[in-house]
Amino acid sequence: MDPSIAPVLRTALRSAMRERDRPAVDAIRSALARIANAEAVPIETVPRAGAIEEAAIGVGVADAPRRVLDEAEMRTLVAAEADELAQAAAHWRTTGETTGRADAIDKAEYAERGAAVLRQLAGRG
Numbered sequence: 357m358d359p360s361i362a363p364v365l366r367t368a369l370r371s372a373m374r375e376r377d378r379p380a381v382d383a384i385r386s387a388l389a390r391i392a393n394a395e396a397v398p399i400e401t402v403p404r405a406g407a408i409e410e411a412a413i414g415v416g417v418a419d420a421p422r423r424v425l426d427e428a429e430m431r432t433l434v435a436a437e438a439d440e441l442a443q444a445a446a447h448w449r450t451t452g453e454t455t456g457r458a459d460a461i462d463k464a465e466y467a468e469r470g471a472a473v474l475r476q477l478a479g480r481g
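In the numbering used here, the protein residues as written are 357 to 481.
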């Protein structure tokens with residue numbers, strides 16, 4: 357079985373940072389943020405502001421619970437991030453080819469690189 361995607365992403369992020377691979381760094385950070393956002397649990401009650409006597413005291417007492425994602429959910433989120441980057445790349449490439457703007461082609465290549473990195477890490481590319 358493939359290793360868990362979260363530690364793979366964190367290891368790849370460190371490697372990409374050492375190599376100064378900006379498209380990979382940005383794509384991996386976005387994928388990790390997508391996973392973190394999916395783990396967030398909505399707050400049911402909002403504490404009253406200003407009531408110091410009702411303030412939570414102690415280490416971790418105000419921490420919000422996190423949802424636990426299984427491996428398939430995390431890999432789906434990473435694949436969705438790769439798909440969004442691929443769609444952005446297609447948009448920028450079309451824009452660049454239509455208008456002749458070199459910066460649009462650069463953005464397309466940047467997004468394509470990020471999508472390829474995520475697909476490789478997720479085992480889908």
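Ideal placement from N, C-alpha and C gives every residue a C-beta, glycine not left out.
Apart from the five residues on each side of it in sequence, which residues of its chain come closer than 7 Å, Cβ to Cβ, to Thr367? Excluding sequence neighbours, Thr367 sits near nothing in its chain.
Excluding sequence positions up to five away, which residues of its chain have a Cβ less than 6 Å from the Cβ of Val381? Ala372, Met373
Going by the beta-carbon positions, is the gap between Leu441 and Glu395 smaller than 8 Å? Contact: no.
Could you give the distance in angstroms between the alpha-carbon of Val473 and the alpha-carbon of Val397? 29 Å
Whole angstroms are fine: how far does the CA of Tyr466 sit from the CA of Asp459? 10 Å
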